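Q: Dropping the structure in here first, questions after.
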Amino acid sequence: MAIFLDEQSRVIVSGITGSEGAKHTRRMLAAGTRVVGGVNPRKAGQQAEGLPVSGTVADAMAGTGADVCVLFVPPPFVKDAVIEAVDAGIGLAVVITEGVPVHDTAYFWAHAAGSGTRIVGPNCPGVVSPGRSNAGIIPDGITGRGRIGLVSKSGTLTYQLMHELRDIGFSTAVGIGGDPIIGTTHIDAIDAFEKDTETELIVLIGEIGGDAEERAAAYVAEHVTKPVVGYVAGFTAPEGKTMGHAGAIVSGSSGTAEAKKKALEAADIQVGRTPSETAALARELLS
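Shown next as structure tokens:
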């Protein structure tokens, strides 16, 4: 099994005619993803990358049977594009775009509440189930299919851990993004990995700022039976500086890497101080 995305997923790309949308559509197709169409209201009826372009997500779903939408839409238009996808009933909306206004994210997140749409992102690398499907910008070929589930705020650290543990492989890797408001959270992904029969170990990657990692630790302590390994980026971040993602804001001692490490360890989650140390811990637990 895999979570959120598998070889049966049928993907459409909002913004397929833009440079980023086109480039990553080609990459997704090369990875074996079932990309079946695109969306651009100004270019409906045309083709892009050999695929039909529809004017709306609803039209694309009706014509292709799509159940996943990857969005490469400029920041000012993301809110409307996500709302359109939610209203069309898409199962998974992966919002790659960086720089989405937080109030726009809050709006479409609230709009999706109670719907059948899972939102991943914004400002995220996407979701990959190696050997099955790749929805987003995660490079193909870093790793193969295997026993580890990964959920991460950071795109580059996602790639590094996947590479370091490539000999074991991954069921699914989910890049949730590091903005202050996101759709799918660490807890959402961890819950899905706990229920996935193929996933034997979970890797959680966090970073300074906010309290998402602390909340995830509390959830793991109460609900998760599988081993979890963690890494928190930012142990060397200068005090008082805003680092990295928009959500990486530290207030006093709250949100520091050390505070998060303590919370995770209190939930029996082993935490590495470097990505390589984290990979070594995962390897030990699986051996």
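Quick note: the sequence shown uses the working numbering, first residue 4, plus one each step.
For each residue, glycine too, the CB sits at the ideal point set by N, CA and C.
Because the structure is a prediction, the values reported are computed rather than measured.
1) How big is the Cα-Cα spacing for residue 32 and residue 38?
2) Do you know offhand how far residue 21's Cα is from residue 126's?
3) Hey, how far is the Cα of residue 266 from the Cα of residue 226?
4) Smallest Cα separation from residue 294: which of 89, 166 and 183?
5) Taking the C-alpha atoms as reference points, what is the distance between residue 236 and residue 158?
6) State the CB to CB distance for the pair residue 172 and residue 146, rounded to an integer number of angstroms; the pair is presumed to be in contact (CB under 8 Å).
7) Which residue or residues does DSSP assign as beta-bridge partners of residue 43?
8) According to DSSP, which residues form a beta bridge with residue 274?
9) With distance defined between alpha-carbon atoms, name the residue in 23, 11 and 281 nearest to residue 94.
10) Could you give the residue range of the alpha helix (DSSP H) that holds residue 174?
11) Go through its chain and collect everything with a Cβ distance to residue 24's Cβ below 6 Å, but skip five positions before and after it.
12) Among residues of its own chain, excluding the 5 on either side of residue 86, which ones have a beta-carbon nearer than 7 Å to its beta-carbon?
13) On a Cα-Cα basis, can you pick out the residue from 278, 77 and 83 that is closest to residue 100?
14) When the Cα atoms are used, what is the spatial distance from residue 156 to residue 35?
15) For the alpha helix (DSSP H) containing residue 96, list its first residue and its last residue.
16) What's the gap between the Cα of residue 69 and the Cα of residue 131?
17) Quick one: residues in its chain with C-beta nearer than 7 Å to the C-beta of residue 278, no 5 flanking neighbours on either side, listed in chain order?
18) Hey, quick one: how far does the alpha helix (DSSP H) through residue 101 stretch, first residue to last?
19) Let me know the beta strand (DSSP E) ranges lying completely inside the stretch 125 to 213, each 3 residues or longer, listed in chain order.
20) State the DSSP-derived secondary structure class of residue 55, mapped to helix, strand or coil.
21) Would you kindly report the start and end of the unbroken beta strand (DSSP E) that includes residue 123?
22) Does the Cβ of residue 133 have 16 or more other Cβ atoms within 10 Å, making it buried, or fewer, making it exposed?
23) Looking at residue 122 and residue 98, is the spacing between their C-beta atoms short of 8 Å?
24) Distance, Cα to Cα, residue 255 vs residue 208?
25) Cβ atoms of residue 174 and residue 8: under 8 Å apart, would you say?
26) Please check the pair residue 216 and residue 263, which I expect to be a contact at CB under 8 Å, by giving their CB distance rounded to whole angstroms.
27) Could you have a look at residue 17 and say whether DSSP puts it in helix, strand or coil?
28) Specify, as a first and last residue, the run of the beta strand (DSSP E) that residue 85 falls within.
29) Roughly how many whole angstroms lie between the Cα atoms of residue 47 and residue 58?
30) Looking at the structure shown, is residue 60 part of a helix, part of a strand, or coil, going by DSSP?
A: Based on what the coordinates show:
1) 6 Å
2) Here the C-alpha atom of residue 21 lies approximately 17 Å from the C-alpha atom of residue 126.
3) 16 Å
4) Given that the chain is displayed from residue 4 to residue 290, the structure contains no residue 294 and the question cannot be resolved.
5) 12 Å
6) 6 Å
7) Looking at the DSSP assignment, residue 43 forms no beta bridge with any residue, so it has no partner.
8) 233
9) 11
10) Not the alpha helix (DSSP H): residue 174 falls in the beta strand (DSSP E), residues 173 to 178.
11) 16, 18 and 75
12) 111 and 114
13) 77
14) 25 Å
15) Premise fails: residue 96 lies in the beta strand (DSSP E), 95 to 98, not in any alpha helix (DSSP H).
16) 17 Å
17) 160, 163, 164, 167 and 234
18) Segment: none, residue 101 is in no alpha helix (DSSP H) and carries neither H nor E.
19) 129 to 132, 136 to 139, 148 to 155, 173 to 178 and 204 to 210
20) If DSSP states are grouped into helix, strand and coil, residue 55 belongs with the strands.
21) 121 to 123
22) With a 10 Å radius around the Cβ and a threshold of 16 neighbouring Cβ atoms, residue 133 comes out buried.
23) yes
24) Below a pLDDT of 50, predicted positions are generally treated as unreliable, and residue 255, at 48, falls in that range; no measurement from the model is reported.
25) no
26) 4 Å
27) strand
28) Here residue 85 belongs to no beta strand (DSSP E); instead the alpha helix (DSSP H) covers 78 to 91.
29) Residue 47 and residue 58 have their C-alpha atoms spaced approximately 5 Å apart.
30) helix
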